[in-house]
Amino acid sequence: SRNQYSKHNTKMYLFNIFLGILLLKTSLGAPIASSVTKPKVVCYYGSWSVYRNGIGKFDIENIDTNLCTHIIYTFAGVDESTSKIKVLDPWNDLPENWGKNAYGRFTGLKAQNPELKTLLAIGGWNEGSMKYSKMAADQKKRAIFIESAVVLLLKHNFDGLDMDWEYPALRGGVPEDKTNFSILLKELKK
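In terms of UniProt numbering, the sequence shown opens at residue 1 and continues consecutively.
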């Protein structure tokens with residue numbers, strides 16, 4: 001019986017060594033399965049931070065491109081009269097008229113990290129909800145918005161759009177906003 005106990009201990013000891021080696025290989029980065037994916041780390045860049053004074057000023061060139069997998073530039077808006085996407089700060093965002101070309105410099109960060117994805121956020125608190133509510137409620141207005149958004153994203157080399165509508169069905173919106181927002185997102189995905 002003592003011999004049997006010793007064999008059991010030896011088996012457990014060997015099993016523990018095997019398990020330890022397996023865990024060590026896993027922790028050192030040896031892939032066990034090919035379906036392992038890296039986590040997404042999404043960061044936001046507040047474009048208005050360039051207007052701060054002193055140490056609070058933060059420009060695109062201050063962004064560490066290795067901290068995030070996705071960086072979102074905030075914000076663009078919606079033109080209430082046309083339903084098109086609207087550049088909110090043309091002097092900062094665009095290169096025309098001696099602008100600072102923040103869109104181009106922002107998407108240019110991909111040269112430092114080719115795996116980086118850059119997105120443009122539309123909306124935010126200051127944009128409100130009413131104009132998004134009106135645009136999302138009308139199929140033609142949604143189509144105009146989507147077409148203009150795609151054109152702007154491609155022109156400035158963004159990888160995607162972050163819809164930051166604050167908030168459907170609130171702040172002057174209507175209860176149908178929730179359904180219309182879902183429809184808008186489905187149509188955007190196409």
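Beta carbons: idealized from backbone N, C-alpha and C, even for Gly. Note that the structure is a prediction, hence the values are computed from the model and not measured.
Contact check, F158 vs G123, beta carbons under 8 Å: No, they are not a contact pair.
Assigned exposure category for M135 - 16 Cβ within 10 Å defines buried: Buried: at least 16 other Cβ atoms inside 10 Å.
For I144 and E115, I'd like the C-alpha separation in whole angstroms. Their backbone Cα atoms lie some 31 Å apart in a straight line.
Stretch-stretch touch, CB-based, cutoff 8 Å, three pairs: the region 45-54 with the region 65-85: With the rule of 3 Cβ pairs closer than 8 Å, the region 45-54 counts as touching the region 65-85.
Assign K86 to one of three DSSP states: helix, strand, or coil. Residue state, collapsed to three classes: strand.
Continuous alpha helix (DSSP H) assignments of at least 4 residues falling wholly in the UniProt domain "GH18" (39-190): Segments of the alpha helix (DSSP H) lying fully in the UniProt domain "GH18" (39-190): 90-93, 102-107, 130-137, 139-155, 177-189.
Nearest CA to the CA of T65: which residue from V87, N92, Q112? Among V87, N92, Q112, the Cα nearest to that of T65 belongs to Q112.
Can you give me the C-alpha to C-alpha distance between R142 and I60, rounded to a whole angstrom? The alpha-carbon atoms of R142 and I60 are separated by roughly 31 Å.
Around the C-beta of S129, are 16 or more other C-beta atoms found within 10 angstroms, so that it is buried, or is it exposed? The residue in question, S129, is buried, as its Cβ has 16 or more Cβ neighbours within 10 Å.
Reference S49, options S182, Q139, A102, closest by Cα: It is A102 whose Cα lies nearest to the Cα of S49.
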